[in-house]
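These notes are about the structure you will find just below.
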Amino acid sequence: MQRTLIRRAFSARNDAVRGIENPWRPRTTDYQSYKSRFGPQCKVGMHFSGVNASTLAWYGSLAAGMGVSAGIFALYFFSGVPRVQKDILQKLPIIGQQFVHEVPPEDNPF
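In terms of our numbering, the sequence shown opens at residue 1 and continues consecutively.
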């Protein structure tokens, strides 16, 4: 039986005999692309893995907004806990007095 064309063209045994290179082998030489003197002089801006400064600023502002909203949610969610009221919420400048709970003397059992 004859071998199939794919196996005949790309088999490892026939590479040295036929002079056919493996198409999935990485290139050993690095070719530079042609750069015309008359074309536009394009430069690649600074980036790290495709993220440049403006993209980083966009994602940073998005993360800051999410962090602030998550922090405000956590404060209001735990506002009923006395330790959170005493340590955090009472020390806020404008709304701190709303979280001070004084027990009247007639309600004090001692």
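Ideal Cβ positions, reconstructed from N, Cα and C, are used throughout, including at glycine. Because the structure is a prediction, the values reported are computed rather than measured.
* DSSP beta-bridge partners of valine 51 -> Stepping through the sequence shown from its first residue, residue 51 is reached at position 51. For valine 51, which the question treats as bridged, DSSP gives the partners Phe48.
* For methionine 46, collect the residues of the same chain with a Cβ closer than 8 Å to its Cβ; drop the 5 residues on either side in sequence, then sort them by chain order. => Within the sequence shown, residue 46 is the residue found at index 46, counting from 1. Within the same chain, methionine 46 has close Cβ partners Asn52, Ala53.
* **Own chain residues within Cβ distance below 6 Å of phenylalanine 99, not counting five before or after** => For the purposes of this step, residue 99 is taken as residue 99 along the sequence shown, with counting starting at 1. Cβ neighbours of phenylalanine 99 beyond the five flanking positions: Gln85, Leu89, Gln90.
* Can you give the Cα-Cα distance for glycine 106 and serine 69, rounded to whole angstroms? -> Here residue 106 refers to the residue found at position 106 of the sequence shown. Here residue 69 refers to the residue found at position 69 of the sequence shown. The displayed chain sequence assigns glutamate, not glycine, to residue 106. Looking at the two C-alpha atoms, the distance is approximately 41 Å.
* Asked: Among Asn108, Phe48, Ser79, which has the Cα closest to the Cα of glycine 96?
  -> The count along the sequence shown starts at 1 and reaches residue 96 at position 96. Closest by alpha carbon: Ser79.
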